[in-house]
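Numbering (our numbering), first residue to last: 1 to 129.
Worksheet: one structure, shown below.
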Amino acid sequence: MRSIEETSGPWVGWSVQYNKRIHERMSLRVGGGAITGSGEDADGDFDLDGNYEASGEVAIVRRYSYCTSGPEGVGIPYLYRGHWDGSHISGTWGTIFGPQDGGPFEMWPEDGSLELNFEEALQAEPALT
Numbered sequence: 001m002r003s004i005e006e007t008s009g010p011w012v013g014w015s016v017q018y019n020k021r022i023h024e025r026m027s028l029r030v031g032g033g034a035i036t037g038s039g040e041d042a043d044g045d046f047d048l049d050g051n052y053e054a055s056g057e058v059a060i061v062r063r064y065s066y067c068t069s070g071p072e073g074v075g076i077p078y079l080y081r082g083h084w085d086g087s088h089i090s091g092t093w094g095t096i097f098g099p100q101d102g103g104p105f106e107m108w109p110e111d112g113s114l115e116l117n118f119e120e121a122l123q124a125e126p127a128l129t
């Protein structure tokens, strides 16, 4: 188990939207209670700005700077609330106006063994419908 302050660098993860798992890659700077960075997923490119507490609670706002669906999605804030458990952050996300477009998410520092375990778990679990 490691401190979240030791995790700056590349991260990977997934979120679920409309019963579809979306994979994402991020580059995060973590320290002094703040989490900042950028990333990309199937929906586009995004910036991240958030914070964490000593208790492990994490809150991150994601805003897309480019959306594959068009410019109407740029700049909309999405709130990710979760908990750091020493290896990854898991929780739920949604628009800041409500969770109607949200779902679960998980993200973790990129590490070959964690990613391999994640891919093995994906192959073993039933597809979302």
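Virtual Cβ for every residue (Gly too), placed ideally from N, Cα, C.
Asked                                                                                                                     : Found
Ser15 classed as buried or exposed, judged by whether at least 16 other C-beta atoms fall within 10 angstroms             : buried
Buried or exposed by the 16-neighbour rule on C-beta atoms within 10 Å, applied to Thr7                                   : buried
Cut-off 7 Å between Cβ atoms - residues of its own chain near Cys67, not counting five sequence neighbours on either side : Asp43, Gly44, Gly73, Val74
Residues sharing a beta bridge with Val58, DSSP                                                                           : Tyr52, Gly82
Residue interval of the beta strand (DSSP E) (run including Asp41)                                                        : 34-41
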